[in-house]
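Number of protein chains: 2
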Amino acid sequence: MKIICKKTDLAKAVQTVAKAVPAKATTSILECLLLRAEKEEITLTGNNLELGIETVMPGNIEEEGSIAIQAKVFGEIVRKLPEGDVVLETGEKDQATVRCKKTKYNLSVKSAEEYTCIPDMERKNHVTISEFDLKEAIRQTIFSVADTSSKKAMTGELWEINGKELKIVALDGHRISLRKIKLKKEYEPRKVIVPGKTLAEIIKIIGGDPEKEIAVYFTENHIQFEIENTRAISRLIEGEYLKVEQLLSKDYGTKIKVQKKELQECIDRASLLLKDDAKKPIILNIEENILSLEAVSNMGSMNESMFVVKEGEKLRIGFNPKFLLEMLRVIDDEEVFMYFTSAKTPCTVRDEKDSYVYLVLPVNLSAAA
Amino acid sequence: MKIICKKTDLAKAVQTVAKAVPAKATTSILECLLLRAEKEEITLTGNNLELGIETVMPGNIEEEGSIAIQAKVFGEIVRKLPEGDVVLETGEKDQATVRCKKTKYNLSVKSAEEYTCIPDMERKNHVTISEFDLKEAIRQTIFSVADTSSKKAMTGELWEINGKELKIVALDGHRISLRKIKLKKEYEPRKVIVPGKTLAEIIKIIGGDPEKEIAVYFTENHIQFEIENTRAISRLIEGEYLKVEQLLSKDYGTKIKVQKKELQECIDRASLLLKDDAKKPIILNIEENILSLEAVSNMGSMNESMFVVKEGEKLRIGFNPKFLLEMLRVIDDEEVFMYFTSAKTPCTVRDEKDSYVYLVLPVNLSAAA
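Protein sequences appear in the order of chains A and B. This note's numbering puts the first sequence at residues 2 to 370. This note's numbering puts the second sequence at residues 2 to 370.
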């Protein structure tokens, strides 16, 4: 194999596929990426057996062939090469040379045959989503995916397509995040659970351009994203996802409209006192058009009040400040509407267009005191 | 006590003195800073018993008094307050309130009497140094101070004043860094060992302005820095510092002039292969006006060559790449002169004006192979 390509193109391609290569794996071939120069295309592949990423990059193929190469070291080497043309060539005995200007590396490589390629997928029935919409919707929900859970489904996001809408739901037992994306045309109904770890990597390779589109393909066990020259294919999570609709009722006893930034900064200030004691709640006291926040810990206490527009009953309710902050951070509106029914039932935050709903469970104040 | 001050002034003052407050200490009073409002001055103090920092800040004293307050939490609270006037007031039972706009904190504080104040120093015989010169000279030497050592003196820097010159030396058994600062007038000869930990904090509070000056005072056991409204006082290290002059001989068998940036980037690239094996050296091969660098590890090998101006014998010599990189990073010249005598004796790097000397011990190539 011998290829010649621009350093910047190679660096970008390696960086993309390396997102699917684990830093440490049980066998060294899993720490490799696959580089193929075949049929007039240079293709790089990373694969951790749950998520696989493949990208086609520009360059000249002087001799066809393929190798597997340690992804981390190769990535660092390519990144630090001088700007210019890179010549990558296989030599004897599982060796490859990387040359760029006056720099020459000899690296141990592995046979491409050892490498587990990513499956080809039947490319039909795809859904088209704008890069920007998808990147935003993932960012605005992924923080509430459970890291680990006895219920495997909770470590993923529910993606549900219905007509001209994609609904994304993430939950972890303390909160629910729901975002809706409007699609440009109508699609068949479909419901899958996408692993949170997959989405954490996918979000890094989506550019976020509102004018560019991503094609998403589904099979029974896989989801595939096509993002320009890159395709990422991931296993889906089997099983049933919690039905959240009944939890997201629109009934309420108290509703407030609050300046998001003001609330966010205030919770941020209050949580300074609560950091060392995760069980201590921040208390929201809803009075006549005044929201006052209180925090008490062994370090001291804090209170602050702000004007809000209130509808319904007065209420005193406590929350884990982290859950409120993580939710407020991903809401782009300047004003948010918060709905409450009682001090022991969840608070929901939703916009009037119904494009998002967030639900946060309260802390039992009598138990916390 | 009651004071009113600007949030930004308070935040800056807390940040300055907090550099001398340990995050975790054996007694909680050591994690505090002292705040005094006395004799028309608001003074903040941090003290870890080796280094003490005291700063005077603007503000109005409505009632004199003093308190000790947990530095970390207080610092975070002040930093996150809204912009505006802060009112700090003591209340009952070791409590203080911090108010700013609609935010109010109640914090536990301690009696100022528990706090160990920093000693006053006889303010005579000071040396005046430009902020820029001192900050640079510390940055350019401190990386080679030993973190820990059976020889306590090696955990500090030798500061030696002779006539119109301050010489700063740091060494750790593998390398020596030496910088000279020209002073504006002549001073009495003086030789002290300043703790590396003190200098690591001092460098953060020196602004680096070439037009501003720092006054440095010495006593037998202490050094004091006066930087605008702030004074920092540190214990000195007792004992004898290694005599480095005899090690920094100007004899050489080989001399090269090399482009610093080119060499630095090349060593950086080579060290990618050596990272996992700290004992593997980078090899410098000095030929007729060509310097070629080699690195070999179980990951592969690398070589690269560059033009140099050579004088004297050919030489093949190995180094720990980290030591070369850390030295090159703090040399601002575009070209550096490297002097060698043999493959088993140190390399020195010095400029023609003799304002700096760096010495690095080589790695024994036959032992490393």
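Virtual Cβ for every residue (Gly too), placed ideally from N, Cα, C.
DSSP, reduced to helix, strand and coil, places Gln141 of chain B outside both helices and strands of the structure shown, so it counts as coil. About 11 Å separates the CB atoms of Phe338 of chain B and Cys348 of chain B; that is not less than 8 Å, and the two are not in contact. Taking the beta carbon of Gln71 of chain B as reference, the chain A residues within 8 Å of it are Met300, listed in sequence order. Shown in chain order are the members of the region 102 to 120 of chain A whose Cβ falls below 7 Å from a Cβ of chain B: Lys103, Thr104, Lys105, Tyr106, Asn107, Leu108 and Ser109. With its beta carbon less than 9 Å from one in chain A, Ser306 of chain B belongs to the interface. Residue pairing by DSSP places Tyr359 of chain B opposite B:Ser178 and B:Val350 in a beta bridge. Counting only residues of its own chain and dropping the five nearest sequence neighbours on each side, Pro59 of chain B has a CB closer than 7 Å to the CB of Cys6 and Asp10.
Within 10 angstroms of the beta-carbon of Pro322 of chain A lie 16 or more other beta-carbons, which makes it buried.
For the region 78 to 103 of chain B, the set of positions with a beta-carbon nearer than 8 Å to some beta-carbon of chain A reads Ile78, Lys81, Leu82, Pro83, Gln96 and Lys103 in chain order.
At a cut-off of 9 Å between C-beta atoms, Glu289 of chain B does not count as an interface residue with respect to chain A.
Inter-residue distance for Cys118 of chain A and Cys33 of chain A is about 12 Å (C-alpha atoms, whole angstroms).
With respect to the 9 Å criterion, Leu89 of chain A and Leu35 of chain A are not classified as neighbours on the basis of their beta carbons.
The contact set of Val74 of chain B on chain A, defined by CB atoms closer than 7 Å, consists of Leu273 and Met300 in chain order. Spatial neighbours of Asn286 of chain B in its own chain (CB-CB distance under 6 Å, excluding positions within 5 residues in sequence) are listed in chain order as Ser293 and Arg317. With contacts defined as CB atoms closer than 9 Å, Met303 of chain B and Leu273 of chain B qualify as a contacting pair. Within the same chain, Cβ atoms closer than 8 Å to the Cβ of Glu312 of chain B are found at Thr255, Lys256 and Ile257, the five residues on either side in sequence being excluded. If you compare the alpha carbons of A:Ile291, A:Leu82, A:Val350 and A:Lys185 with that of Leu167 of chain A, the shortest gap goes to A:Lys185.
Only residues of its own chain outside the window of five on either side were considered, and among them Ile4 and Ala38 have a CB closer than 6 Å to the CB of Ile62 of chain B, listed in chain order. Here Tyr188 of chain B is bridged, per DSSP, to B:Gly164. If one requires a minimum length of 3 residues, the beta strand (DSSP E) runs lying completely within the region 260 to 331 of chain B are 283 to 287, 291 to 298, 301 to 308, 310 to 313 and 316 to 320, in chain order.
Here Thr342 of chain B carries a coil assignment [DSSP, helix/strand/coil].
Residue pairing by DSSP places Lys256 of chain B opposite B:Glu312 and B:Tyr340 in a beta bridge.
Contact of Asp173 of chain B with chain A is not assigned, every C-beta pair being separated by 9 Å or more.
Cys33 of chain B is outside the set of residues whose beta carbon lies under 9 Å from a beta carbon in chain A. Think of a sphere of 9 Å around the beta carbon of Arg351 of chain A: no beta carbon from chain B falls inside it, the nearest being about 27 Å out. Cβ-Cβ distances below 7 Å link Trp160 of chain A to Leu167, Ile169, Val193 and Val195 in the same chain, with the five nearest sequence neighbours on each side left out; the list follows chain order. Non-local C-beta neighbours of Ala344 of chain B in its own chain, meaning closer than 7 Å and more than five positions away in sequence, comprise Leu316, Arg317, Ile318, Pro363 and Leu366, ordered along the chain.
For Ala201 of chain B, there is no enclosing beta strand (DSSP E); the residue is part of the alpha helix (DSSP H) that begins and ends at Gly197 to Ile206. The beta carbon of Ile162 of chain A is closer than 7 Å to those of Val128, Tyr188, Pro190 and Arg191 in its chain, skipping five residues each way along the sequence. Here the alpha carbons of Thr17 of chain B and Ile54 of chain B stand approximately 8 Å from one another. Beyond the five residues adjoining it in sequence on each side, Val74 of chain A comes within less than 7 Å, by CB distance, of no other residue in the same chain.
Bridge pairing for Asn365 of chain B: absent [DSSP].
When B:Ile30, B:Gly85 and B:Arg140 are compared, the shortest CA-CA separation from Thr199 of chain B is found for B:Arg140. Rounded to whole angstroms, the separation of the alpha carbons of Cys101 of chain B and Arg80 of chain B is 12 Å. Each of A:Val309, A:Thr44, A:Ile284 and A:Glu227 was checked against the Cα of Ala69 of chain A, and the nearest Cα belongs to A:Thr44. Interface flag for Glu227 of chain B against chain A is unset, since no Cβ pair is found closer than 9 Å.
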